[in-house]
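First the structure, in the form of C-alpha coordinates, and then the observations on it.
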Amino acid sequence: MNVKKLSSSLFLLTLISVNVPAFAATPSKEELQRLLNVAEQQQLSRDFRRAESEYQKALLEASKFGAESAEVQECEAHLATLYVLHGKLDLAEPHYVKAKNLAVKLMRDGHGDPECYVLLDDLSDAYQLAGATRETERCYQHCLSLRQTISPKHKLLPTIEVLYGAELVKNGKVAEGEKYLKQGYARTVSLTGAKSGVTGQLALTLASTYKALGRWQEAEKYCADSETVARTGAAGSVVVVANVARLHGIILTKLGRLKEAELELKSAEIIHNQRSGTDNFEYAYDQVCMAQIYLQMHRLNEADKAITEALATIEKDPKSVKSVKLEALELAVKIARALHHTGDVTKREAQLKNLT
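Per this note's numbering, the very first residue in the sequence shown carries number 18; after that it's consecutive.
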(Lines of atoms letter the chains of each structure in order from A and count residues from 1; the text may use other names and numbers.)
(Lines give C-alpha, C1' and ligand atoms only; values in the text may rest on other atoms or scores of the structure.)
Protein backbone atom coordinates (compact mmCIF):
# COMPACT_ATOMS: atom_id res chain seq x y z
CA MET A 1 0.00 0.00 0.00
CA ASN A 2 1.52 3.38 -0.98
CA VAL A 3 1.60 6.42 1.29
CA LYS A 4 -1.32 8.10 -0.49
CA LYS A 5 -3.60 5.08 -0.04
CA LEU A 6 -2.53 4.69 3.60
CA SER A 7 -3.34 8.31 4.34
CA SER A 8 -6.78 7.93 2.75
CA SER A 9 -7.48 4.82 4.83
CA LEU A 10 -6.47 6.54 8.06
CA PHE A 11 -8.67 9.53 7.19
CA LEU A 12 -11.69 7.28 6.62
CA LEU A 13 -11.00 5.41 9.85
CA THR A 14 -10.88 8.70 11.73
CA LEU A 15 -14.24 9.75 10.31
CA ILE A 16 -15.79 6.42 11.29
CA SER A 17 -14.41 6.56 14.85
CA VAL A 18 -15.74 10.10 15.34
CA ASN A 19 -19.27 9.24 14.20
CA VAL A 20 -19.73 5.83 15.86
CA PRO A 21 -20.92 6.06 19.53
CA ALA A 22 -18.96 4.34 22.27
CA PHE A 23 -21.23 1.45 23.23
CA ALA A 24 -18.98 0.17 25.97
CA ALA A 25 -19.11 3.22 28.26
CA THR A 26 -16.63 3.13 31.11
CA PRO A 27 -18.34 2.81 34.52
CA SER A 28 -17.36 5.42 37.08
CA LYS A 29 -17.81 4.87 40.81
CA GLU A 30 -17.06 8.55 41.40
CA GLU A 31 -19.83 9.67 39.04
CA LEU A 32 -22.27 7.17 40.53
CA GLN A 33 -21.53 8.36 44.06
CA ARG A 34 -21.92 11.98 42.97
CA LEU A 35 -25.36 11.27 41.51
CA LEU A 36 -26.43 9.36 44.62
CA ASN A 37 -25.25 12.21 46.87
CA VAL A 38 -27.23 14.75 44.84
CA ALA A 39 -30.32 12.51 44.89
CA GLU A 40 -30.06 12.05 48.65
CA GLN A 41 -29.77 15.81 49.19
CA GLN A 42 -32.87 16.40 47.07
CA GLN A 43 -34.70 13.70 49.01
CA LEU A 44 -33.74 15.35 52.31
CA SER A 45 -34.95 18.66 50.89
CA ARG A 46 -38.29 16.97 50.08
CA ASP A 47 -37.92 17.71 46.37
CA PHE A 48 -39.43 14.48 45.11
CA ARG A 49 -39.17 15.18 41.38
CA ARG A 50 -35.49 16.10 41.43
CA ALA A 51 -34.64 13.22 43.78
CA GLU A 52 -36.46 10.82 41.46
CA SER A 53 -34.61 12.20 38.44
CA GLU A 54 -31.19 11.94 40.09
CA TYR A 55 -31.82 8.39 41.33
CA GLN A 56 -32.87 7.40 37.81
CA LYS A 57 -29.65 8.91 36.43
CA ALA A 58 -27.72 7.01 39.09
CA LEU A 59 -29.46 3.79 38.05
CA LEU A 60 -28.40 4.35 34.44
CA GLU A 61 -24.82 4.93 35.58
CA ALA A 62 -24.97 1.84 37.80
CA SER A 63 -26.13 -0.31 34.88
CA LYS A 64 -22.67 0.19 33.34
CA PHE A 65 -21.35 -2.09 36.09
CA GLY A 66 -23.70 -4.86 34.95
CA ALA A 67 -27.44 -5.51 35.18
CA GLU A 68 -27.01 -7.65 38.30
CA SER A 69 -24.30 -5.62 40.00
CA ALA A 70 -24.24 -4.38 43.59
CA GLU A 71 -24.36 -0.85 42.18
CA VAL A 72 -27.68 -1.54 40.46
CA GLN A 73 -29.05 -3.17 43.64
CA GLU A 74 -28.17 -0.04 45.62
CA CYS A 75 -29.93 2.29 43.19
CA GLU A 76 -33.01 0.04 42.96
CA ALA A 77 -33.29 0.05 46.76
CA HIS A 78 -32.94 3.84 46.99
CA LEU A 79 -35.52 4.43 44.27
CA ALA A 80 -37.99 1.99 45.84
CA THR A 81 -37.58 3.68 49.24
CA LEU A 82 -38.18 7.12 47.72
CA TYR A 83 -41.41 5.97 46.06
CA VAL A 84 -42.68 4.23 49.20
CA LEU A 85 -42.03 7.25 51.41
CA HIS A 86 -44.04 9.38 48.97
CA GLY A 87 -46.92 6.90 48.83
CA LYS A 88 -46.27 5.84 45.22
CA LEU A 89 -46.47 2.12 45.92
CA ASP A 90 -47.15 1.00 42.34
CA LEU A 91 -44.04 2.83 41.12
CA ALA A 92 -42.04 1.28 43.96
CA GLU A 93 -43.11 -2.29 43.20
CA PRO A 94 -40.67 -3.28 40.40
CA HIS A 95 -37.75 -1.61 42.19
CA TYR A 96 -38.65 -3.38 45.46
CA VAL A 97 -38.65 -6.76 43.68
CA LYS A 98 -35.37 -6.07 41.88
CA ALA A 99 -33.60 -4.76 44.99
CA LYS A 100 -34.66 -7.74 47.10
CA ASN A 101 -33.90 -10.41 44.50
CA LEU A 102 -30.54 -8.90 43.59
CA ALA A 103 -29.49 -8.71 47.25
CA VAL A 104 -30.27 -12.40 47.71
CA LYS A 105 -28.37 -13.36 44.53
CA LEU A 106 -25.34 -11.22 45.34
CA MET A 107 -25.02 -12.56 48.88
CA ARG A 108 -25.57 -16.15 47.73
CA ASP A 109 -22.92 -15.86 45.02
CA GLY A 110 -20.44 -14.25 47.38
CA HIS A 111 -20.32 -11.00 45.40
CA GLY A 112 -22.47 -8.96 47.74
CA ASP A 113 -21.68 -6.49 50.46
CA PRO A 114 -23.61 -6.54 53.76
CA GLU A 115 -24.50 -2.97 52.84
CA CYS A 116 -27.10 -4.33 50.41
CA TYR A 117 -29.02 -5.74 53.38
CA VAL A 118 -28.74 -2.40 55.17
CA LEU A 119 -30.46 -0.84 52.17
CA LEU A 120 -33.21 -3.48 52.37
CA ASP A 121 -33.59 -2.67 56.05
CA ASP A 122 -34.18 1.00 55.22
CA LEU A 123 -36.74 -0.07 52.63
CA SER A 124 -38.49 -2.34 55.15
CA ASP A 125 -38.74 0.59 57.60
CA ALA A 126 -40.27 2.73 54.84
CA TYR A 127 -42.91 0.08 54.14
CA GLN A 128 -43.78 -0.25 57.84
CA LEU A 129 -44.11 3.53 58.13
CA ALA A 130 -46.26 3.74 55.00
CA GLY A 131 -48.45 0.88 56.21
CA ALA A 132 -49.64 2.96 59.14
CA THR A 133 -51.63 5.17 56.77
CA ARG A 134 -52.20 3.43 53.42
CA GLU A 135 -52.54 -0.02 51.83
CA THR A 136 -51.60 -1.51 55.18
CA GLU A 137 -51.75 -5.18 54.24
CA ARG A 138 -49.59 -4.75 51.14
CA CYS A 139 -47.01 -2.57 52.94
CA TYR A 140 -46.76 -4.91 55.92
CA GLN A 141 -46.44 -7.92 53.61
CA HIS A 142 -43.49 -6.33 51.79
CA CYS A 143 -41.90 -5.23 55.06
CA LEU A 144 -42.21 -8.78 56.38
CA SER A 145 -40.72 -10.28 53.22
CA LEU A 146 -37.73 -7.92 53.38
CA ARG A 147 -37.01 -8.68 57.03
CA GLN A 148 -37.28 -12.41 56.41
CA THR A 149 -34.83 -11.97 53.54
CA ILE A 150 -32.35 -10.09 55.73
CA SER A 151 -32.40 -12.58 58.63
CA PRO A 152 -34.80 -14.95 60.41
CA LYS A 153 -33.41 -13.40 63.61
CA HIS A 154 -34.04 -9.79 62.55
CA LYS A 155 -34.89 -7.93 65.77
CA LEU A 156 -37.95 -6.29 64.19
CA LEU A 157 -39.27 -9.40 62.43
CA PRO A 158 -41.63 -10.38 65.30
CA THR A 159 -43.16 -6.89 65.34
CA ILE A 160 -44.05 -6.91 61.66
CA GLU A 161 -45.30 -10.51 61.86
CA VAL A 162 -47.77 -9.49 64.56
CA LEU A 163 -48.78 -6.26 62.79
CA TYR A 164 -49.28 -8.12 59.52
CA GLY A 165 -51.25 -10.84 61.29
CA ALA A 166 -53.52 -8.29 62.96
CA GLU A 167 -54.16 -6.61 59.61
CA LEU A 168 -55.04 -9.92 57.97
CA VAL A 169 -57.52 -10.68 60.76
CA LYS A 170 -59.01 -7.20 60.38
CA ASN A 171 -59.49 -7.93 56.67
CA GLY A 172 -61.31 -11.20 57.38
CA LYS A 173 -58.34 -13.55 56.79
CA VAL A 174 -58.50 -14.91 60.32
CA ALA A 175 -56.73 -18.27 59.93
CA GLU A 176 -53.78 -16.80 58.04
CA GLY A 177 -53.64 -13.81 60.37
CA GLU A 178 -53.58 -15.97 63.49
CA LYS A 179 -50.61 -17.89 62.11
CA TYR A 180 -48.55 -14.69 61.92
CA LEU A 181 -49.86 -13.37 65.24
CA LYS A 182 -48.81 -16.45 67.19
CA GLN A 183 -45.62 -16.97 65.19
CA GLY A 184 -44.51 -13.38 65.82
CA TYR A 185 -45.39 -13.49 69.50
CA ALA A 186 -43.52 -16.77 70.04
CA ARG A 187 -40.54 -15.36 68.17
CA THR A 188 -40.36 -12.20 70.28
CA VAL A 189 -40.53 -14.22 73.51
CA SER A 190 -37.67 -16.35 72.17
CA LEU A 191 -35.56 -13.39 71.03
CA THR A 192 -36.24 -10.83 73.77
CA GLY A 193 -37.77 -12.69 76.72
CA ALA A 194 -41.28 -12.96 78.14
CA LYS A 195 -41.02 -9.68 80.08
CA SER A 196 -39.45 -7.36 77.51
CA GLY A 197 -41.15 -4.14 76.46
CA VAL A 198 -41.55 -5.47 72.91
CA THR A 199 -43.23 -8.64 74.18
CA GLY A 200 -45.65 -6.55 76.23
CA GLN A 201 -46.48 -4.34 73.27
CA LEU A 202 -47.13 -7.28 70.96
CA ALA A 203 -49.20 -9.06 73.62
CA LEU A 204 -51.41 -5.96 73.72
CA THR A 205 -51.88 -6.15 69.94
CA LEU A 206 -52.94 -9.79 70.24
CA ALA A 207 -55.32 -8.93 73.08
CA SER A 208 -56.95 -6.15 71.06
CA THR A 209 -57.23 -8.40 68.00
CA TYR A 210 -58.91 -11.23 69.90
CA LYS A 211 -61.17 -8.69 71.63
CA ALA A 212 -62.33 -7.48 68.21
CA LEU A 213 -63.07 -11.11 67.29
CA GLY A 214 -65.05 -11.59 70.50
CA ARG A 215 -62.70 -14.36 71.63
CA TRP A 216 -62.54 -13.19 75.20
CA GLN A 217 -60.54 -16.01 76.79
CA GLU A 218 -57.64 -15.53 74.38
CA ALA A 219 -57.93 -11.76 74.67
CA GLU A 220 -57.69 -12.02 78.48
CA LYS A 221 -54.62 -14.25 78.33
CA TYR A 222 -52.61 -11.86 76.18
CA CYS A 223 -53.90 -8.78 78.01
CA ALA A 224 -52.75 -10.28 81.32
CA ASP A 225 -49.33 -10.94 79.76
CA SER A 226 -49.15 -7.35 78.54
CA GLU A 227 -50.16 -5.94 81.92
CA THR A 228 -47.56 -8.04 83.72
CA VAL A 229 -44.86 -6.54 81.49
CA ALA A 230 -46.26 -3.00 81.75
CA ARG A 231 -46.27 -3.08 85.55
CA THR A 232 -42.54 -3.94 85.59
CA GLY A 233 -41.87 -0.57 84.00
CA ALA A 234 -40.79 -2.08 80.68
CA ALA A 235 -43.63 -0.27 78.89
CA GLY A 236 -41.86 3.02 79.56
CA SER A 237 -44.94 4.95 80.69
CA VAL A 238 -47.39 4.66 83.56
CA VAL A 239 -50.15 5.78 81.17
CA VAL A 240 -49.60 2.55 79.22
CA VAL A 241 -50.19 0.65 82.47
CA ALA A 242 -53.50 2.50 82.93
CA ASN A 243 -54.67 1.84 79.38
CA VAL A 244 -53.77 -1.86 79.56
CA ALA A 245 -55.54 -2.13 82.93
CA ARG A 246 -58.65 -0.56 81.40
CA LEU A 247 -58.61 -2.99 78.48
CA HIS A 248 -58.14 -5.85 80.93
CA GLY A 249 -61.11 -4.59 82.92
CA ILE A 250 -63.28 -4.47 79.78
CA ILE A 251 -62.33 -8.04 78.85
CA LEU A 252 -62.88 -9.35 82.39
CA THR A 253 -66.31 -7.69 82.40
CA LYS A 254 -67.22 -9.62 79.24
CA LEU A 255 -66.08 -12.81 80.96
CA GLY A 256 -68.28 -12.05 83.98
CA ARG A 257 -65.30 -11.70 86.34
CA LEU A 258 -66.70 -8.48 87.73
CA LYS A 259 -64.73 -8.15 90.99
CA GLU A 260 -61.44 -8.51 89.10
CA ALA A 261 -62.68 -6.10 86.45
CA GLU A 262 -63.57 -3.52 89.11
CA LEU A 263 -60.05 -3.67 90.56
CA GLU A 264 -58.50 -3.19 87.12
CA LEU A 265 -60.71 -0.19 86.37
CA LYS A 266 -60.01 1.41 89.74
CA SER A 267 -56.30 1.03 89.03
CA ALA A 268 -56.75 2.78 85.67
CA GLU A 269 -58.81 5.56 87.29
CA ILE A 270 -56.14 6.20 89.94
CA ILE A 271 -53.35 6.48 87.38
CA HIS A 272 -55.31 8.71 84.99
CA ASN A 273 -56.38 10.91 87.90
CA GLN A 274 -52.80 11.26 89.14
CA ARG A 275 -51.52 12.08 85.66
CA SER A 276 -54.20 14.42 84.32
CA GLY A 277 -56.97 14.82 86.87
CA THR A 278 -60.59 13.79 86.48
CA ASP A 279 -61.66 16.39 83.91
CA ASN A 280 -60.41 14.58 80.80
CA PHE A 281 -61.53 11.94 78.32
CA GLU A 282 -59.27 9.11 79.55
CA TYR A 283 -60.66 9.29 83.08
CA ALA A 284 -64.19 9.60 81.70
CA TYR A 285 -63.68 6.44 79.63
CA ASP A 286 -62.63 4.63 82.81
CA GLN A 287 -65.90 5.78 84.39
CA VAL A 288 -67.93 4.47 81.44
CA CYS A 289 -66.32 1.05 81.86
CA MET A 290 -66.90 1.18 85.61
CA ALA A 291 -70.57 2.07 85.08
CA GLN A 292 -70.95 -1.09 82.96
CA ILE A 293 -69.56 -3.18 85.82
CA TYR A 294 -71.85 -1.52 88.37
CA LEU A 295 -74.87 -2.12 86.13
CA GLN A 296 -74.06 -5.83 85.88
CA MET A 297 -73.53 -5.97 89.66
CA HIS A 298 -76.92 -4.24 90.13
CA ARG A 299 -75.25 -1.34 91.95
CA LEU A 300 -77.48 1.02 90.03
CA ASN A 301 -76.93 4.26 91.96
CA GLU A 302 -73.16 3.93 91.57
CA ALA A 303 -73.64 3.13 87.89
CA ASP A 304 -75.83 6.22 87.43
CA LYS A 305 -73.31 8.47 89.21
CA ALA A 306 -70.38 7.14 87.15
CA ILE A 307 -72.13 7.45 83.78
CA THR A 308 -73.49 10.94 84.53
CA GLU A 309 -70.02 12.23 85.46
CA ALA A 310 -68.47 10.50 82.46
CA LEU A 311 -70.91 12.04 79.97
CA ALA A 312 -70.43 15.51 81.44
CA THR A 313 -66.67 15.23 80.92
CA ILE A 314 -66.97 13.69 77.45
CA GLU A 315 -69.15 16.61 76.34
CA LYS A 316 -66.49 19.12 77.42
CA ASP A 317 -63.30 17.41 76.27
CA PRO A 318 -62.57 17.97 72.54
CA LYS A 319 -60.37 14.85 72.56
CA SER A 320 -63.37 12.64 73.26
CA VAL A 321 -63.87 9.73 70.88
CA LYS A 322 -67.30 9.49 69.23
CA SER A 323 -67.55 5.70 69.59
CA VAL A 324 -67.00 5.97 73.36
CA LYS A 325 -69.61 8.72 73.62
CA LEU A 326 -72.04 6.50 71.72
CA GLU A 327 -71.27 3.60 74.06
CA ALA A 328 -71.75 5.86 77.09
CA LEU A 329 -75.15 7.13 75.92
CA GLU A 330 -76.40 3.60 75.18
CA LEU A 331 -75.28 2.55 78.65
CA ALA A 332 -76.91 5.63 80.21
CA VAL A 333 -80.25 4.63 78.64
CA LYS A 334 -79.97 1.11 80.11
CA ILE A 335 -79.14 2.47 83.57
CA ALA A 336 -81.98 5.01 83.48
CA ARG A 337 -84.44 2.28 82.49
CA ALA A 338 -83.19 0.02 85.28
CA LEU A 339 -83.78 2.89 87.74
CA HIS A 340 -87.18 3.71 86.14
CA HIS A 341 -86.02 7.29 85.49
CA THR A 342 -88.34 8.00 82.56
CA GLY A 343 -87.16 11.59 82.09
CA ASP A 344 -83.52 10.53 81.86
CA VAL A 345 -84.42 7.80 79.38
CA THR A 346 -86.10 10.34 77.11
CA LYS A 347 -83.20 12.80 77.44
CA ARG A 348 -80.48 10.23 76.71
CA GLU A 349 -82.40 8.69 73.80
CA ALA A 350 -82.70 12.14 72.21
CA GLN A 351 -78.95 12.70 72.63
CA LEU A 352 -78.29 9.29 71.16
CA LYS A 353 -80.48 10.03 68.15
CA ASN A 354 -78.66 13.33 67.52
CA LEU A 355 -75.27 11.59 67.72
CA THR A 356 -76.15 8.83 65.28
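For glycine and all other residues, C-beta sits at the position ideal for the given N, C-alpha and C.
Owing to the predicted nature of the structure, the values given are computational and were not obtained by experimental measurement.
Per DSSP, reduced to three states, the secondary structure at Ala251 is coil, with no helix or strand assignment.
Between Thr216 and Thr226, the C-beta spacing is not below 8 angstroms. Unbroken beta strand (DSSP E) stretches of 3 residues or longer found wholly inside the segment 167 to 212: none.
Here Asp361 has Ala353 as same chain residues with Cβ atoms under 6 angstroms from its own Cβ, once five neighbours each way along the sequence are excluded. In chain order, Thr330, Lys333 and Asp334 place their CB closer than 8 angstroms to the CB of Asp296, counting only its own chain and leaving out the 5 sequence neighbours on each side. Judged by DSSP in its simplified three-state form, Arg51 adopts helix. If you check the CB distance, Ala109 and Ala97 come in under 8 angstroms. In this structure, Tyr157 lies away from Val101, with their beta-carbon atoms at least 8 angstroms apart. In this structure, DSSP gives Gly217 a helical state, which the three-state scheme calls helix. Put simply, of Ala301, Val191, Phe298 and Met307 the residue whose alpha carbon is nearest the alpha carbon of His265 is Met307. CA-to-CA, the gap between Ser213 and Lys81 works out to about 48 angstroms.
In this structure, the straight-line span from the alpha carbon of Glu48 to that of Gly83 is close to 16 angstroms. Apart from the 5 residues on each side of it in sequence, Glu178 sits with its Cβ closer than 7 angstroms to the Cβ of Leu161, Tyr197, Gln200, Gly201 and Arg204 in its chain, given in chain order. Counting only runs of 4 or more residues that sit fully inside the segment 102 to 145, the alpha helix (DSSP H) segments are 106 to 125, in chain order.
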